[in-house]
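All letters in the sequence shown, in the order written, are residues 24 to 388 by our numbering. Everything below concerns the one structure shown next.
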Amino acid sequence: MANILTLDTRMEAIAEKVTHGERLSIEDGLYLYETNDLLSVASLANEVNTRKNGDHVYFIENLYINPTNVCEATCSFCGFKRKPGEEGAYTMNDEQLLSYVEKRWNDNIREFHIVGGHNHEVPFDYYLDTIRTLKKHYPQVTVKAYTGAEIEFFSRIAGLSMKEVLEELIKAGLDTMPGGGAEILTERYRLKMSPDKASTDQWLEAHEIAHGLGLKTHATMLYGSIETKEERLIHMDRLRQLQDATNGFMVFIPLAMQPRTQSMGLMRRTSAFDDMRTIAISRLMLDNFDHVKAYWINIGVQLTQMALTFGSSDIHGTLIEERISHAVGALTSSGITRKELVHLIKTANKVPVERDTFYNIIQKY
């Protein structure tokens, strides 16, 4: 029987590289973005993921916390931030923080995922105290807090080097850093979209320092606005170069840009084809990353399930109450149950694996 997927010569050459574990170039990545043969791209990504992770698909029970939404930055894609004194602006004190957690707490939560605004109205000690308070009351829970962009911001407000900032955070109880604040790691993009935040080099440096201090961290890419396909691939290449040097990243998370409000039409959202292709290309380009995550908050649960055959080995977690993507029009629910996550994975013919932050297996279902 004839092979249904007849590969052209360029795709054959890329497939050959993938089979032999050779690194793809940015030019290869551009071809994968341009080809109409999406199923071959998916098939190659699935091959790489299966080689690394078998049938395992990971998830975690975690709680999302945004201690403050006050922010000095003016990122054009953000609907979460507020200026000091603006309606809806808030900064949780210790009591409010603990009350927030207590109302949403269950004994299976293994991780606090903490991201907030760049609030210059409070000192660096506020951010340290947030971690100290959580560690004091929930010592068993991993604290995943503060993006590379926040680390650079803390360094400015505290008059400390980024290394000193990270050392203080680790002393307070920081276990790992989330991958946010990366957006797209090119200066053309950052000058237009997030001019007040860490530069490409500063974001990468924050993670490099963290890796040097023994932290394993996460990396994201926010795609679907003004960036070119080449800039997405430059972003991936910069991450894999740092990973070559430090091996400190655990997972890559492509995040689809959300429009300003839920009512904005389809034309303001990334397409399902772009989402699936980007996940697959991420898996193929980032040969030195163990995991590529499908973030159900951004792409929805059904596309997340599809992503499990497009190279993804992780579907994130329960979150309980996500705010940042929902502030800019995410159409998904703000949380999901463990039962739903297990069902989602099983009905894709994969093995659900509950993990901790560092991909240690808690339970297979």
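Glycine included, C-beta positions come from ideal geometry on N, C-alpha and C. None of these values were measured; they are calculated from a predicted model.
Please work out which residues of its chain come closer than 7 Å, Cβ to Cβ, to residue i, disregarding the five sequence neighbours upstream and downstream, and give them in chain order.
i: Ile154; result: Val166, Ala168, Leu192, Ala195, Gly196 and Leu197
i: Met115; result: Pro90, Thr91 and Tyr123
i: His160; result: Leu121
i: Ala25; result: Here Ala25 scores only 39 on pLDDT, less than 50, and its place in the model should not be relied on; the value that follows carries that caveat. So no residue of the chain qualifies.
i: Gln225; result: Glu175
i: Ser99; result: Met216
i: Ile385; result: Glu377, Arg378 and Asp379
Is the separation between the beta-carbon of residue i and that of residue j shorter than 9 Å?
i: Thr240; j: Gly202; result: yes
i: Ala112; j: Leu67; result: no
i: Phe275; j: Ala242; result: yes
i: Ser294; j: Lys316; result: no
i: Gly52; j: Met244; result: no
i: Met34; j: Thr58; result: yes
i: Leu86; j: Met299; result: no
i: Met273; j: Phe381; result: yes
i: Lys387; j: Glu377; result: yes
i: Glu70; j: Thr42; result: yes
i: Thr170; j: Asp117; result: no
i: Leu236; j: Lys186; result: yes
i: Val164; j: Lys373; result: no
Would you kindly report the start and end of the unbroken alpha helix (DSSP H) that includes residue i?
i: Val164; result: Element bounds for Val164: n/a, residue is neither H nor E.
i: Asn85; result: Per DSSP, Asn85 belongs to no alpha helix (DSSP H); it is in the beta strand (DSSP E), Asn85 to Ile88.
i: Arg462; result: The shown model of the chain, from 24 to 388, leaves out residue 462, and the question about it has no answer.
i: Leu212; result: It is Tyr, not Leu, that sits at residue 212 in the sequence shown. Tyr212 -> alpha helix (DSSP H) spans Glu210 to Met216.
i: Asp267; result: Lys252 to Thr269
i: His366; result: Arg361 to Lys369
i: Phe135; result: That residue, Phe135, is in no alpha helix (DSSP H); its beta strand (DSSP E) goes Glu134 to Ile137.
i: Val124; result: Asp117 to Arg127
i: Met273; result: Per DSSP, Met273 belongs to no alpha helix (DSSP H); it is in the beta strand (DSSP E), Phe272 to Ala279.
i: Glu190; result: Met185 to Ala195
i: Lys40; result: Thr32 to Thr42
i: Ala330; result: Val324 to Ala330
i: Ile180; result: Gly171 to Ala181
i: Arg306; result: Ala295 to Met308
i: His230; result: Thr223 to Gly235
i: Asp51; result: Ile49 to Glu57
For residue i, which residues in the same chain have their Cβ closer than 6 Å to its Cβ, ignoring the five residues on either side in sequence?
i: Leu55; result: Val64 and Ile304
i: Ile207; result: Glu250, Glu254 and His258
i: His234; result: Thr269 and Gly271
i: Ala371; result: Gln328 and Leu331
i: Ile322; result: Ala279 and Asp298
i: Ile88; result: Phe135 and Ile137
i: Arg306; result: Ala68, Val71, Asn72, Val315 and Gly334
i: Gly410; result: This structure leaves residue 410 out entirely; the chain is present only between 24 and 388.
By the DSSP assignment, the beta strand (DSSP E) with residue i in it spans what residues?
i: Asp148; result: It is not in any beta strand (DSSP E) - Asp148 instead sits in the alpha helix (DSSP H) that spans Phe147 to His160.
i: Tyr246; result: Thr240 to Tyr246
i: Ala317; result: Run containing Ala317: none; DSSP gives neither H nor E here.
i: Gly390; result: The shown model of the chain, from 24 to 388, leaves out residue 390, and the question about it has no answer.
i: Val374; result: Val374 to Arg378
i: Lys387; result: Ile384 to Lys387
Please work out which residues of its chain come closer than 8 Å, Cβ to Cβ, to residue i, disregarding the five sequence neighbours upstream and downstream, and give them in chain order.
i: Ile302; result: Ala68, Pro277, Val315, Ala317, Ala330, Phe333, Gly334 and Ser335
i: Glu144; result: Val93, Pro107 and Thr114
i: Leu364; result: Phe82, Ile338, Gly340, Thr341 and Pro375
i: Asn131; result: Glu84 and Arg361
i: Leu238; result: Leu189, Ile193, Leu197, Asp198, Thr199, Met200 and Gly271
i: Gly247; result: Ala279, Met280, Arg292, Thr293 and Asp297
i: Thr327; result: Ala317, Tyr318, Trp319, Ser335, Ile338 and Leu367
i: Arg49; result: It should be noted that the sequence gives Ile, not Arg, for residue 49. Cβ neighbours of Ile49 beyond the five flanking positions: Glu253, Leu256, Ile257 and Asp260.
i: Arg213; result: Glu206, Ile207, Lys220, Ser222 and Thr223
i: Ile27; result: At Ile27, the pLDDT of 46 sits below 50, so the modelled position is not reliable; the number obtained from the coordinates is stated separately. Closer than 8 Å at the Cβ level, and outside the excluded window around Ile27, lies no residue.
i: Gly44; result: Asp310
If contacts are defined as beta-carbon pairs under 8 Å, then residue i and residue j qualify, I think. What distance do you get, rounded to the angstrom?
i: Phe177; j: Phe147; result: 5 Å
i: Ala172; j: Ala221; result: 4 Å
i: Leu309; j: Leu256; result: The Cβ separation is near 11 Å, so there is no contact.
i: Leu265; j: Glu231; result: 6 Å
i: Arg133; j: Asp379; result: 5 Å
i: His141; j: Ala96; result: 5 Å
i: Asp313; j: Lys75; result: 6 Å
Would residue i count as contacting chain D if we go by Cβ distances under 9 Å?
i: Leu157; result: Looking at the structure shown, chain D is missing, and only one protein chain is on hand.
Under 8 Å: does the beta carbon of residue i sit that close to some heavy atom of the ligand ADP?
i: Ile232; result: Of the ligands one can find in the structure shown there are none, so the ligand ADP has no counterpart to examine.
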